[in-house]
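All remarks here apply to the structure that follows.
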Amino acid sequence: MGEAPAKTMALSLAIYVSLSLRSLWGVSMPPQPFLKPSIRLKFITAMATGGLVIGIMGGLWRGQGPVQSSAEQSPPVGEITVPGWPNPLSVLSALTTQPAPPLDIPPLVQPQPLPPQEVWPEAPSQQPRPYFSDSGEADWVAPILEDLAQRRLIKGFPDGTFRPNDPMTRAEFASQISRLFVLAPPSVPPSSYRDVDPEHWATQPIQNAVEMGFLSGYPDQTFRPEDKITRLQVLLALASGLNLKSSSSPDRVLRAYLDADQVPPWAKTALITTLEANLVVNHPDPQRLEPNREASRAEVIAMLRQTLVYTGQLSPLPPGQSSLPDQPAY
Numbered sequence: 003m004g005e006a007p008a009k010t011m012a013l014s015l016a017i018y019v020s021l022s023l024r025s026l027w028g029v030s031m032p033p034q035p036f037l038k039p040s041i042r043l044k045f046i047t048a049m050a051t052g053g054l055v056i057g058i059m060g061g062l063w064r065g066q067g068p069v070q071s072s073a074e075q076s077p078p079v080g081e082i083t084v085p086g087w088p089n090p091l092s093v094l095s096a097l098t099t100q101p102a103p104p105l106d107i108p109p110l111v112q113p114q115p116l117p118p119q120e121v122w123p124e125a126p127s128q129q130p131r132p133y134f135s136d137s138g139e140a141d142w143v144a145p146i147l148e149d150l151a152q153r154r155l156i157k158g159f160p161d162g163t164f165r166p167n168d169p170m171t172r173a174e175f176a177s178q179i180s181r182l183f184v185l186a187p188p189s190v191p192p193s194s195y196r197d198v199d200p201e202h203w204a205t206q207p208i209q210n211a212v213e214m215g216f217l218s219g220y221p222d223q224t225f226r227p228e229d230k231i232t233r234l235q236v237l238l239a240l241a242s243g244l245n246l247k248s249s250s251s252p253d254r255v256l257r258a259y260l261d262a263d264q265v266p267p268w269a270k271t272a273l274i275t276t277l278e279a280n281l282v283v284n285h286p287d288p289q290r291l292e293p294n295r296e297a298s299r300a301e302v303i304a305m306l307r308q309t310l311v312y313t314g315q316l317s318p319l320p321p322g323q324s325s326l327p328d329q330p331a332y
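According to this note's numbering, the sequence shown is numbered sequentially starting from 3.
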């Protein structure tokens, strides 16, 4: 910055600073601004960018005498004429400007295009771990087992298996009934069977199933908890516990099955109520009832799932997730 521009800027700065410090120095100046906006803007810009280093010394003269100042007095080096002020103001010391050191601005770095992004393969969807390690041994019933296990409606064995193809005992059937149904039992005294020890693991489930009307003992006061339950016994138990009724002709309904002659006459009426309620599961041959065959654990659970649908406690599984019939086969 040359000498003449420096003096001009110094004078402008003196005016600006004198305005800013008028109350501090005791100078009463008129309220009208006498700096042009362009000068004020240049000053502020120069200060903000570091282009000026300003030192202020001395004070202001008012008329013939200086304004009281803590700085050492010196002869005035310039005058400032303020519009509306009777006498000119004198600046004791000129404001000096020192050029700031040049800024070291590095050259702009041109942005480089990003390298080709690696496309990550989609993570394989993890299949939920099955509740039972052996549910795959009976694929047709696996979705039913998983569905009821997720709802905490069935339990397997301590080793994590369900053993779907094993026959189900009467005690195990009573246990499943006791877990699935909470019906108001009739007010009857507790039954005691000679072959069910009070410490037996299924004593209470057996009592519950008997009180709800699903099961009963034998005339000799036994329950035979370890006997394998047949398919016919399962269906008759469901018909009894749900109090199913039918007005259809048993022979007309049963003639749709190839082995209807294996059904005892005394059991036909109760059996067809379960057919009409769509509780019967006869996998893999829907034309055979196989009433006297031992029911597998998978078959019993499938029939119980159908029972929960009949009572409105569950909805049918979506199509494709179950091989259970949507309606009776007859």
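No residue lacks a Cβ here, since even glycine has one placed at the ideal position from N, Cα and C.
{"query": "Own chain residues within Cβ distance below 6 Å of Leu281, not counting five before or after", "result": "Leu240, Met305, Gln308, Thr309"}
{"query": "Lys247 versus Pro221, Pro266, Ala279, residue with shortest Cα-Cα distance", "result": "Ala279"}
{"query": "For Arg299 and Asn167, the rounded distance between their alpha carbons", "result": "6 Å"}
{"query": "Residue environment, Val255, which counts as buried when at least 16 other CB atoms sit within 10 Å", "result": "buried"}
{"query": "Distance between beta carbons of Ile231 and Ala211, contact taken as under 8 Å", "result": "The Cβ separation is near 11 Å, so there is no contact."}
{"query": "Proximity below 8 Å, CB of Asp261 to CB of Arg290", "result": "yes"}
{"query": "Supposed close pair Leu238, Ala272 - CB separation, criterion 8 Å", "result": "5 Å"}
{"query": "Three-state secondary structure assigned by DSSP to Leu296", "result": "Per the sequence presented here, residue 296 reads as Glu, with Leu not at that position. Glu296 falls in the strand class under three-state DSSP."}
{"query": "Nearest to Glu213 (by Cα), restricted to the options Asp222, Ser317, Trp203, Ala176", "result": "Ala176"}
{"query": "Beta-bridge pairing of Pro169 - partner residues as DSSP gives them", "result": "Ser298"}
{"query": "Local Cβ density within 10 Å of Pro227, reported as buried at 16 or more and exposed below that", "result": "buried"}
{"query": "Classification of Arg64 by the beta-carbon crowding that lies within 10 angstroms, buried from 16 upward", "result": "Residue placement at Arg64 is flagged as unreliable, the pLDDT there being 42, under the threshold of 50; a coordinate-derived value is accordingly withheld."}
{"query": "Buried/exposed call for Val236, threshold 16 Cβ in 10 Å", "result": "buried"}
{"query": "Assigned exposure category for Thr10 - 16 Cβ within 10 Å defines buried", "result": "Low confidence applies here, because Thr10 scores a pLDDT of 41, under 50, leaving its location unreliable; read the following figure in that light. So Thr10 ends up on the exposed side."}
{"query": "Contacting residues, own chain, Cβ-Cβ under 6 Å from Met170 (five flanking each side not counted)", "result": "Ile231, Ala297, Arg299, Val302"}
{"query": "Candidates Glu174, Leu155, Pro318, Ala258, of which the one nearest Gln209 by Cα", "result": "Glu174"}
{"query": "Proximal residues to Leu316 (C-beta, below 6 Å), its chain only, five neighbours per side dropped", "result": "Leu310"}
{"query": "Proximity winner among Trp142, Ala151, Ile156, Phe183, relative to Tyr312 (alpha-carbon distances)", "result": "Phe183"}
{"query": "Start-to-end residues for the alpha helix (DSSP H) that takes in Glu213", "result": "205-213"}
{"query": "Nearest-angstrom Cβ-Cβ length linking Phe134 and Arg172, presumed shorter than 8 Å", "result": "So it is not a contact: roughly 22 Å between Cβ atoms."}
{"query": "Residue nearest to Ala258 in terms of C-alpha spacing, selected from Leu277, Gly243, His285, Leu244", "result": "Leu277"}
{"query": "For Pro337, the nearest candidate out of Asn245, Pro293, Leu244 (CA to CA)", "result": "The structure shown does not extend to residue 337, since the chain spans only 3 to 332, so no value can be given for it."}
{"query": "Helix, strand or coil at Thr271 according to DSSP, with G and I counted as helix", "result": "helix"}
{"query": "Among Thr163, Phe164, Arg181, the one whose alpha carbon lies nearest that of Arg154", "result": "Arg181"}
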